[in-house]
Ligand code: MRU
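Residue numbers (this note's numbering): 752 to 1065.
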C-alpha cells in the first residue's frame, strides 16, 4: 500500500480515497486542485489533512510569496473546517515562508516525518494502555470511520493501536462500523485490516451500540479530528453513540490522536465547527441533513492517547 500522501517528483501524490477499495493514486500540482481533493475526500483523515496543508503551502510557495501566498494559505486552511490539523499544517509551513520555498518544503516534509513517528508512538502507548485496561490478552476492538494508515501518512492512530496490538498477538477481532454515508469503515478500514490479515467484521452503524451492549467487544478505539482543551472530542459522525454505549457497558472508550489534533485554542466541544456536507451524499432521495462529525463529551472519554501522553480528561 503506498503512503496516503507523499511528495514525489515535486508533486503531492495521494491515494485516491474516493476510489477505494480500488487502489489508484493522483498527483497534485496546484493548490486549487488540492483544495478540490480535500473537499471531495480524495485525501482525508486529520493527520493526512495536516500534511496536505503543509505540502500545499510548499506547492504555492514556488510561485507566490508575501500577501499572495498568505491569501492562498488562508483558502487552503479552511477547505474543511473540523480537523484542526489542516490549519496546523498550513501554519507550520507558512512559518518557514520568510526563508523561501526550499525552507517551506523542508518544513512540510518534517511534518510528514513527524506524523509517521507520532503514529508509531501512539500505537505503542495505546496498546500498552489497552493491555492495562483490559488485560494482556487478545482483544475485541470496536472502531469507527478510518483512523488508519490512509488517514495519516502511514501506520495510523486508532488503527496504529490495533496494529501494535496485532504485532503483540493481542487482537482477537476488530469490529469496524461501515460509517455512513461515505463508508470509510467498509471501504478503507476493512481494506487496511484485510491487507494485514487482522481478523475483522464490518457492521452497519446502527448495530454498534447493541454489539457493545451484548458484550461482544472489550474496548472502543477511535481517532479524532479535533480535541478541545477540556478533552471534548470531535470525530466522524456516529462516534458519540459508541461512547455512550461504552460508558453504559463499562468498557474503555479510547481516543488515539497526535498532539497536532489537540487544540488549546478551542475551549470545548461547543466551539468546534461541525462540517455540513452535501445532502446528496446521504442518498435519501429527498431533503437530508449531513453533519460529518459529532462531539463526544470529555466525561465519556476514558483516555486520549497521543505520542506524548495518556490524557484522562475529567
Ligand atoms: O471525513 P473524514 O473521513 O476525513 O473523517 C475522518 C475521521 O473522522 C477520522 O476518524 C479522524 O480524522 C481521525 S484520522 C486518524
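No residue lacks a Cβ here, since even glycine has one placed at the ideal position from N, Cα and C.
Practice problem: To the nearest angstrom, report how far apart residue 894 and residue 948 are at their CA atoms. | Solution: For this step, residue 894 is matched to residue 143 along the chain shown. For this step, residue 948 is matched to residue 197 along the chain shown. Whole-angstrom Cα-Cα distance: 17 Å.
Exercise. Determine the extent of the beta strand (DSSP E) in which residue 1033 is found, giving its start and end residues.
Key: One-based indexing of the chain shown puts residue 1033 at position 282. First-last for residue 1033: undefined, no H or E at that position.
Exercise. Would you mind stating whether residue 799 and residue 903 have Cβ atoms separated by less than 8 Å?
Key: For the purposes of this step, residue 799 is taken as residue 48 along the chain shown, with counting starting at 1. For the purposes of this step, residue 903 is taken as residue 152 along the chain shown, with counting starting at 1. Result yes, Cβ atoms of residue 799 and residue 903 sit closer than 8 Å.
Quiz item: Looking at C-beta atoms only, is the number of pairs between the region 965 to 972 and the region 1013 to 1024 that lie closer than 8 Å three or more?
Solution: Inter-segment contact for the region 965 to 972 and the region 1013 to 1024 is absent: fewer than three beta-carbon pairs are separated by less than 8 Å.
Quiz prompt | For residue 890, three-class secondary structure by DSSP | solution = The count along the chain shown starts at 1 and reaches residue 890 at position 139. Residue 890 falls in the strand class under three-state DSSP.
Quiz item: Between the beta-carbon of residue 829 and the beta-carbon of residue 807, is there less than 8 Å?
Solution: The residue labelled residue 829 in the question sits at position 78 within the chain shown. The residue labelled residue 807 in the question sits at position 56 within the chain shown. Not a contact, by the Cβ cut-off of 8 Å.
Quiz item: Would the beta-carbon of residue 973 fall within 8 Å of that of residue 986?
Solution: Residue 973 sits at position 222 when you count from the first residue of the chain shown. Residue 986 sits at position 235 when you count from the first residue of the chain shown. In this structure, residue 986 lies closer than 8 Å to residue 973 by Cβ.
Self-check item: Under 8 Å between C-beta atoms of residue 1009 and residue 866
Solution: As a working note, residue 1009 is residue 258 in the chain shown. As a working note, residue 866 is residue 115 in the chain shown. With respect to residue 866, residue 1009 sits close: the two C-beta atoms are nearer than 8 Å.
Quiz item: So, helix, strand or coil for residue 1013, using DSSP?
Solution: Here residue 1013 refers to the residue found at position 262 when the chain shown is read from its first residue. Strand, per DSSP.
Practice problem: Assuming residue 764 contacts residue 778 (C-beta within less than 8 Å), just tell me the rounded distance between them. | Solution: By 1-based counting over the chain shown, the position of residue 764 is 13. By 1-based counting over the chain shown, the position of residue 778 is 27. The beta-carbon separation of residue 764 and residue 778, rounded to 5 Å, stays under the 8 Å limit for a contact.
Exercise. Taking only heavy atoms of the ligand MRU into account, decide whether any of them is closer than 7 Å to the Cβ of residue 975.
Key: For the purposes of this step, residue 975 is taken as residue 224 along the chain shown, with counting starting at 1. With a threshold of 7 Å, the Cβ atom of residue 975 counts as near the ligand MRU, since some heavy atom of the ligand is closer than that.
Quiz item: From residue 1045 to residue 988, what distance separates their C-alpha atoms?
Solution: In the chain shown, counting from the first residue as 1, residue 1045 sits at position 294. In the chain shown, counting from the first residue as 1, residue 988 sits at position 237. Annotation: residue 1045 to residue 988 spans about 5 Å, alpha carbon to alpha carbon.
Practice problem: Could you give the DSSP three-state label for residue 966: helix, strand or coil? | Solution: One-based indexing of the chain shown puts residue 966 at position 215. Coil at residue 966, not helix or strand.
Quiz item: According to the neighbour-count rule (16 or more other Cβ atoms, all chains shown, within 10 Å of its Cβ), is residue 906 buried or exposed?
Solution: Locating residue 906 in the chain shown gives position 155, counting from the first residue. Residue 906 is buried by the Cβ-count criterion.
Exercise. Evaluate residue 955 with the Cβ neighbour count: other Cβ atoms within 10 Å of its Cβ, from every protein chain shown; 16 or more gives buried, anything less gives exposed.
Key: Here the question's residue 955 lines up with position 204 in the chain shown. Classification for residue 955: exposed.
Exercise. With a threshold of 16 other CB atoms inside 10 Å of the CB of residue 961, please say whether the residue is buried or exposed.
Key: Translated into the one-based positions of the chain shown, residue 961 becomes position 210. Answer is exposed; the Cβ neighbour count stays below 16.
Quiz item: In three-state DSSP terms, what is residue 763?
Solution: One-based indexing of the chain shown puts residue 763 at position 12. Three-state DSSP puts residue 763 in a strand.
Self-check item: Beta-carbon contacts of residue 939 that lie in its chain and below 6 Å, excluding the five residues immediately before and after
Solution: Taking the first residue of the chain shown as 1, we reach residue 939 at position 188. Excluding sequence positions up to five before and after residue 939, its CB lies within less than 6 Å of the CB of 771, 897 and 901, all in the same chain and listed in chain order.
Quiz item: When burial is assigned at 16 or more other CB atoms within 10 Å of the CB, is residue 790 buried or exposed?
Solution: The residue you call residue 790 lines up with position 39 of the chain shown. In summary, residue 790 is exposed, with fewer than 16 beta-carbon neighbours lying within 10 Å of its beta-carbon over all protein chains present.
Quiz item: Helix or strand or just coil, what does DSSP make of residue 895?
Solution: Numbered from 1 along the chain shown, position 144 holds the residue referred to as residue 895. Here residue 895 sits in coil by DSSP.
Quiz item: Which partner residues does residue 990 have in the DSSP bridge list?
Solution: For the purposes of this step, residue 990 is identified with residue 239 of the chain shown, where counting begins at 1. Residue pairing by DSSP leaves residue 990 without any beta bridge partner.
Practice problem: Have a look at 832, 877, 862 and 872 and flag the residue whose alpha-carbon is nearest the alpha-carbon of residue 758. | Solution: Start at 1 with the first residue of the chain shown, and residue 758 comes out as number 7. Nearest neighbour of residue 758 by Cα position, chosen from 832, 877, 862 and 872, turns out to be 862.
Quiz item: When the distance is taken between beta carbons, is residue 756 closer than 8 Å to residue 1058?
Solution: Position 307 of the chain shown, counted from the first residue, corresponds to residue 1058. Position 5 of the chain shown, counted from the first residue, corresponds to residue 756. Cβ atoms of residue 1058 and residue 756: not closer than 8 Å.
Self-check item: Rounded straight-line distance, which links the Cα of residue 1035 to that of residue 855
Solution: Along the chain shown, one-based indexing puts residue 855 at 104. Along the chain shown, one-based indexing puts residue 1035 at 284. Whole-angstrom Cα-Cα distance: 44 Å.
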